[in-house]
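A quick write-up on the structure given underneath.
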Amino acid sequence: MNKPTTPNEGYSAANEVTLVKARRSFLQNTWRTLKTAPPTAWFGMVVITMYLIVALFAPLLAPYGESEVFPMAYAPWSHEFRLGTDALGRDVFSRLIFGARNTIGIAVATTFLAFLIGGSLGVMAAISRNWLDQVLSRFVDVLMAIPSLIFTLMLLSIFGSSAINLIFIIAVLDATRVFRLTRAVALNVVVMDYVESAKLRGEGLVWIMRREILPNIMPPLVAEFGLRFCFVFLTIAALSFLGVGIQPPTADWGSMVRENAGLIQFAEYDLTAALTPMIPAAAIALLTVAVNFVVDWFLHQTSGLRDEH
Amino acid sequence: MSTNEILLTMRDVRIDGFSDDRWHHIIKGVDVTLKRGEILGLIGESGAGKSTLGLAAMGFARPGCKFVGGSIEFDGIDLLKLNDAELRNLHGSRIAYVAQSAAASFNPAHRLINQTIEATVAHGISDLASAQKDAVELYRDLQLPDPENIGQRYPHQVSGGQLQRVMTAMAMSSRPDLIIFDEPTTALDVTTQVEVLTAMRTIVEKYNTAAIYITHDLAVVAQMADAIKVLRYGETVEDAPTRQMMSDPKEAYTQSLWAVRSIEKPPQPAIDSILEIKQVHASYGNSVKVLNNVNIQVPRGQTLAVVGESGSGKSTAARAITGLLPPLEGEILFNGKALPAALKNRSKEQLKSIQMIYQMADTAMNPRHTIRDIIGRPLNFYLGLTGQALDQRIMQLLLLIELDESFLDRYPNELSGGQKQRVCIARALAAEPELIICDEVTSALDQIVQEGILKLLLRLQEELGITYIFITHDIATVRAIADQVVVMFQGKVVEQGSKEDIFKPPYPEYTELLLSSVPEMDADWLTQLQEKRAG
């Protein structure tokens, strides 16, 4: 921002007026952004961090093993069993903690896979704009025309409900949404001169996808990742509740709701017993809300809306 | 024409803008006095604060800006003391605004006439029927074709020049006392620009409207304005009546605004051709031919300028040469050998020898890559440079384009327009090409920056013997740097020859029109041209 003192004396290209952003490290930038985050976003971030800690350190935090069976089934809340035991005599509190690991882990893996498939095909379709684009787009239309929960149930009954099958089937079906979004945002970038310039240089498809296009479509994809994660998470919980998702003895919140659902009817005799199936359900709801808060804030950040001045 | 009644007084206006966590001074105390019916030209390079000052004359600071001092008095009203509702009442009734890009300012879903009269009717100045009648009258004044029916069309159904005139009609519909024109002809071809300028001047004179005309083209402002104010860094450099400013500019900076016209390139005889385009036909899809039997020879080590208005096929010719649009018929010879028509059939060596520089440097560089990445990539890709050799070569190239190492880790949006274009030149040079295609590389830049870029290109040609194909619609630029000139019109080559031959009368009809439409540094130029074309 230095400028010649007398007009035009010694015009130099390097001295033209520009606005150079102060150089900051990644950490400084992150902190500056976090400082302006609204309370809802903070709430979301704190909740997500807590879930992650629970998921990562489950064996250390849980008092008992994931499928350790005790002689007393349906034990009430006590010092020994914080949230009682279930029909088979397994500690509900421990299973809740291990459930975080399984449910979140599978949901994250599925979302990643969905983005890998949908994202790369979407960018490829946007670059090619030829028969490949047509074939992929129409195939996606067909997949999206079938109600996804029913389709998932059908595929799971064909292939069997193992965790791997669950991840692949939900990922492929969810990749259709990711494909559409990626293709739409990439189309705006593909027409830029710098992409044409890379093509003229003779760059390959992968380089153009990864270096020229991907960095410019990241913000909407990151936001979509958060939202997709919520949907995948809810789908897995729903499937488990229906009994075709994560299979016992693996602990997971959806099946825990189903297994203990019968206890709700005892609410008038023992309130804590009725709460047992509600707690995993609340855990699902809380994480979904927290992720949405953070995504909302992130979208507002990247939309470039300036409301502070 | 102007009476002595003062319409607008701006005293010591100061405006700050907020960016990167700080407030910067954008306007640092500027005075403006405008009489009724007077036209003031505001000129200066981008970032000088012209548009901000123009909007300030309406009592408006754009988002992220605020008034920090001074007073703005419009016909006895202190604009800075009005609240939003009162200001809105004034805007569109007594003060109007004509934006640079008419295409972006119109709603594509409404008919032109409804948009023209919307403000007038909304402000209750006139009723629907009389407003519509008046709009047709304005269309006629602005010499729009078929004034009775053109209002029924949608924005995409008229040309850019016509749209800009409709926008002027919209501004005039309430017969405002003051109109702000913000670079209204910058995006137009020279041949269209003349029509729009004439129309604007006529209508402003007819209704005795005061105007502030913002532009970076001194020749244009000379035709329109009674007085000129030169701005730089948010301060007034010089202030004078137009004729006095033209004949006797006081400040060195004002004198430098003539600069591009001072470059002279001695003519050189053509030796052999580096590139030959032979009977090329091309089209997009199955539509009309965009190139129709085009033959062009590009002399080695020299500059071939391709001129013509938009739609003449000059950029399509470039796309055919680069292989982005394989021609339907004909061939392109490079160093005597035929180039494969399609990009993907060309060898790395062939791709390396033909490089391209784009009009909009903003979109030609990936905003997420640093300057180091941008210049380094072709070095690594074509020449296989890595590590220290790569760094050294990047530095050499930066020095060649007169920038320094502080630019290495910046992102494109931290560069000025001229600097961006220089980086694009460095990227093209990095490939060590024999031929560079420059597609309107200076048309988005200010005069003084243009001059710098053109001088740089000429110097590089002398030092490295590079051949340029220079696509432009700016005749002044052609005069400055070309050896050979090709004139294109509707997909055909009208003329090819040396610069002297092309610019020597007699001209073919189209060349004549093109040449006569270039504004000259003469306040009477437009008036004389009007008389000549009428007579």
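For the protein sequence lines, the chains are A and B, in the order given.
My numbering applies: residue 35 is where the first sequence begins, and numbers increase by one.
My numbering applies: residue 783 is where the second sequence begins, and numbers increase by one.
We put the CB at the ideal spot given by N, CA and C, even for glycine.
These numbers come from a predicted model, not from an experiment.
Query, Result
"Proximal residues to Ile201/A (C-beta, below 7 Å), its chain only, five neighbours per side dropped", "Ile140, Ala143, Thr144 and Leu147"
"Pairwise C-alpha distance: Gly1166/B and Thr1319/B", "This structure gives no information on residue 1319/B, because the portion of chain B shown stretches from 783 to 1317."
"Whole-angstrom distance between Ala839/B and Gly933/B, CA atom to CA atom", "30 Å"
"Met178/A: first and last residue of the uninterrupted alpha helix (DSSP H) it sits in", "Trp165 to Ala179"
"Straight-line gap, Ile1230/B to Glu1196/B (C-alpha atoms, nearest Å)", "20 Å"
"Own chain, CB closer than 7 Å to Ser182/A, minus 5 neighbours either side, in chain order", "Leu207"
"Gln882/B - DSSP class collapsed to helix/strand/coil", "coil"
"Euclidean distance between Cα positions of Ala220/A and Tyr228/A", "13 Å"
"Residues from the segment 1004-1031 of chain B in contact with chain A, defined by Cβ distance under 8 Å", "Arg1014, Tyr1015 and Val1019"
"Where Ala48/A meets chain B, residues with beta-carbon distance less than 7 Å", "Glu1184, Leu1185 and Asp1186"
"Contact with chain B by Pro73/A, beta-carbon distance below 8 Å", "no"
"Closer than 8 Å to chain B by CB, Asp227/A", "yes"
"CB contact below 8 Å: Gly236/A versus chain B", "yes"
"Neighbouring residues, chain B, relative to Asn250/A (Cβ below 9 Å)", "Asn1148, Pro1149 and Arg1150"
"CA-to-CA distance, His938/B to Asn1075/B, given in whole angstroms", "30 Å"
"Integer-rounded CB distance, given that Ile907/B should sit under 8 Å from Ser956/B", "5 Å"
"7 Å Cβ cut-off: residues of chain B touching Glu348/A", "Residue 348/A falls outside the range modelled here, since chain A spans only 35 to 343, and no answer is possible."
"Beta carbon proximity, Lys233/A to chain B, threshold 8 Å", "yes"
"Closer than 7 Å: Leu1182/B CB and nearest the ligand MN heavy atom", "Of the ligands one can find in the structure shown there are none, so the ligand MN has no counterpart to examine."
"Coarse secondary structure for Gln1037/B, derived from DSSP in three states", "helix"
"CB contact below 8 Å: Lys357/A versus chain B", "Past the edges of chain A, shown from 35 to 343, lies residue 357/A, and the structure says nothing about it."
"Chain D contact residues for Glu100/A, given Cβ-Cβ distances below 8 Å", "Reference to chain D is not applicable here, since the protein chains of this structure are A and B."
"Glu1196/B at chain A interface by Cβ criterion, 8 Å", "yes"
"Chain A residues whose Cβ lies nearer than 8 Å to that of Thr1145/B", "Met226, Asp227 and Tyr228"
"CB of Ile1153/B within 8 Å of CB of Val1205/B, strictly", "yes"
"Start and end residues, beta strand (DSSP E) containing Met1003/B", "The residue you asked about is not Met; residue 1003/B is Val in the sequence shown. It is not in any beta strand (DSSP E) - Val1003/B instead sits in the alpha helix (DSSP H) that spans Leu1000 to Met1006."
"CB contact flag (Thr1145/B, Met226/A, <8 Å)", "yes"
"Check whether Ile825/B and Val1003/B have beta carbons under 8 Å apart", "yes"
"Within-8 Å CB hit, Gln1201/B to chain A", "yes"
"Below-8 Å beta-carbon distance, Met1142/B vs any chain A residue", "yes"
"Member of Gln299/A, Asp286/A and Leu305/A whose CA lies at the smallest distance from the CA of Ser100/A", "One detail in the question is off: residue 100/A reads as Glu in this sequence, not Ser. Closest option to Glu100/A, Cα to Cα, is Asp286/A."
"Cβ neighbours of Leu1311/B in the same chain (closer than 6 Å, five flanking residues each side left out)", "none"
"CB contact below 8 Å: Leu1106/B versus chain A", "yes"
"Close beta carbons around Leu155/A, own chain, < 7 Å, minus the five adjacent residues each side", "Leu170 and Phe213"
"Any 3 or more C-beta pairs closer than 8 Å across the segment 862-877 of chain B and the segment 829-836 of chain B", "no"
"Burial state of Gly277/A, where buried means 16 or more other Cβ atoms lie within 10 Å", "exposed"
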